[in-house]
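Numbering (my numbering), first residue to last: 729 to 1088. Every residue gets a Cβ at the ideal spot worked out from N, C-alpha and C, and that includes glycine. Reviewing the structure listed below.
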Ligand SMILES: [Fe+2]
Ligand SMILES: [Fe+2]
């Protein structure tokens, strides 16, 4: 037998709708050279659409004349089924007739094959239609994935809006800037630690969402504390600090690969490298990397932003603080990365100014 099969290709199904069992058998024998194909037979026109819907094959080979039905009408029936949108329909005919051929194509057939052509041609044509079907499926899946990602992103920003109802500093602008700065820090860190591009890109996508949600635990803190003008007393401060644990709890019980990084960042973004942070006084690399990164990005953005109680700090003052706090508040390596990439970080801050985001 000729070696036409591609061992890395995915398996696919072919449904042969023909009242003559010997044709189904002949197709099965011809396609046996392709180890990825599974051939299914259907001998009655009345069963064909239901069988096709149940199987959702890559290719349907449809006989033109059957005792209990018309092949061209079946082509139209397949084409009207949304669940068969990715299936290629190929008409198998005993005769070559230009008018019938044109009619078959007009009804949505992808090909018209006289039964049965030489082995190599037949297998190549079926494989071509199976590939077209797969490409169509991938396009549809990609479109669905994009739509789902848009829903997820919308919901995430709605969660940020919920947190902002409690804490007015928790704006979409702030979280976008924290996410953008975190990405710069992570990419530089990943380069220094020789992560592959694939690893870097997938982790970076998780970090972005986790960074956006870093303070979402503030939904659990009372307005009287979060909106209190002036200093909090010790008890109020302890209550406010609960937002880290509450944020971690929101992502408890892993349902997707986002939950763990989001929980780590929410819970640990106020931990400090020297062990003096909260809620668990973790130190050094006990603090998850993403939380160490977001800690740097969050403080950097807060210092550079106007708050009710302070004006934005000038850049030199912020740089000085990060140099001094390296190894105390912040991971020294990440402080160094921040200072080395500060122009790029400032570009992120410029890209998400506060008033523009409020308008969104
Ligand atoms: Fe926080
Ligand atoms: Fe924040």
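DSSP three-state label for residue i, please.
i            : result
residue 1002 : coil
residue 1018 : helix
residue 732  : Confidence in residue 732 is poor, its pLDDT being 45 and thus under 50, which makes the residue's placement unreliable; the coordinate value appears in the next sentence. Here residue 732 sits in coil by DSSP.
residue 760  : coil
residue 1052 : helix
residue 829  : helix
residue 1063 : helix
residue 979  : coil
residue 1082 : helix
residue 816  : strand
residue 958  : coil
residue 1088 : For residue 1088, the predicted model reports a pLDDT of 33, less than 50, meaning its position is unreliable; a value from the coordinates is still stated below. If DSSP states are grouped into helix, strand and coil, residue 1088 belongs with coil.
residue 1068 : helix
residue 836  : coil
residue 985  : coil
residue 856  : helix
residue 783  : helix
residue 950  : coil
residue 751  : helix
residue 808  : coil
residue 1045 : helix
residue 1074 : helix
residue 1010 : coil
residue 973  : helix
residue 738  : coil
For residue i, count neighbouring C-beta atoms within 10 Å of its own C-beta (all shown protein chains included) and say buried if the count is 16 or more, exposed if not.
i            : result
residue 999  : buried
residue 980  : exposed
residue 857  : buried
residue 1048 : exposed
residue 904  : buried
residue 790  : buried
residue 1037 : exposed
residue 855  : buried
residue 729  : Confidence at residue 729 is low in this model, with a pLDDT of 38, below 50, so its placement is unreliable and the value that follows should be read with caution. Under this definition residue 729 is an exposed residue.
residue 735  : With a pLDDT of 45 at residue 735, under the threshold of 50, the modelled position of that residue is not reliable, and the figure given next carries that caveat. That one is exposed.
residue 739  : exposed
residue 1087 : Caution is warranted here: a pLDDT of 33 is assigned to residue 1087, below 50, making its placement in the model unreliable, and the coordinate value is therefore given only provisionally. Classification for residue 1087: exposed.
residue 780  : buried
residue 989  : buried
residue 1026 : buried
residue 749  : exposed
residue 1101 : Nothing about residue 1101 can be reported from this structure: the residues present for the chain run from 729 to 1088 only.
residue 1081 : exposed
residue 1079 : exposed
residue 893  : exposed
residue 731  : The pLDDT assigned to residue 731 is 40, lower than 50, so where the model puts this residue is not dependable; a value taken from the coordinates is nonetheless given after this. Exposed, by the Cβ-count rule.
residue 746  : buried
residue 992  : buried
residue 1076 : buried
Name, in chain order, the residues that DSSP records as bridge partners for residue i.
i            : result
residue 842  : 821
residue 692  : Outside the displayed span of the chain (729 to 1088) sits residue 692, for which this structure offers no information.
residue 788  : 743, 817
residue 968  : Paired residue(s): none; residue 968 is not in a bridge.
residue 768  : 743
residue 797  : 794
residue 1058 : 1054
Compare the C-beta of residue i against all C-beta atoms of chain B and say whether one is closer than 7 Å.
i           : result
residue 788 : Here there is only one protein chain, and chain B is not present.
Counting only runs that start and end within the segment 863–921, where is the beta strand (DSSP E) found for 3 or more residues in a row? none
For the segment 1025–1034 against the segment 1000–1016, are there 3 or more C-beta pairs whose distance is under 8 Å? no
For the segment 930–945 against the segment 892–907, do three or more pairs of beta-carbon atoms, one drawn from each stretch, fall closer than 8 Å, so that the two count as touching? yes
May I ask you to verify whether the segment 780–787 touches the segment 855–866, counting CB pairs closer than 8 Å and requiring at least 3? yes
List in chain order: all unbroken alpha helix (DSSP H) runs of 4+ residues lying wholly within the segment 923–948. 925–940
Using 8 Å as the threshold, is the segment 789–808 in touch with the segment 769–780, meaning 3 or more CB pairs across them? yes
Contact between the segment 871–879 and the segment 800–807: three or more CB pairs below 8 Å? no
Is it the case that the segment 962–980 contacts the segment 988–999, given that we only count it when at least three CB pairs across the two stretches are under 8 Å? yes
Three or more C-beta pairs closer than 8 Å, one from the segment 953–970 and one from the segment 910–922: is that the case here? no
Just checking, does the segment 950–960 make contact with the segment 916–932 on the three C-beta pairs under 8 Å criterion? no
Sufficient close CB pairs (3 or more, under 8 Å) joining the segment 820–830 to the segment 841–849: yes
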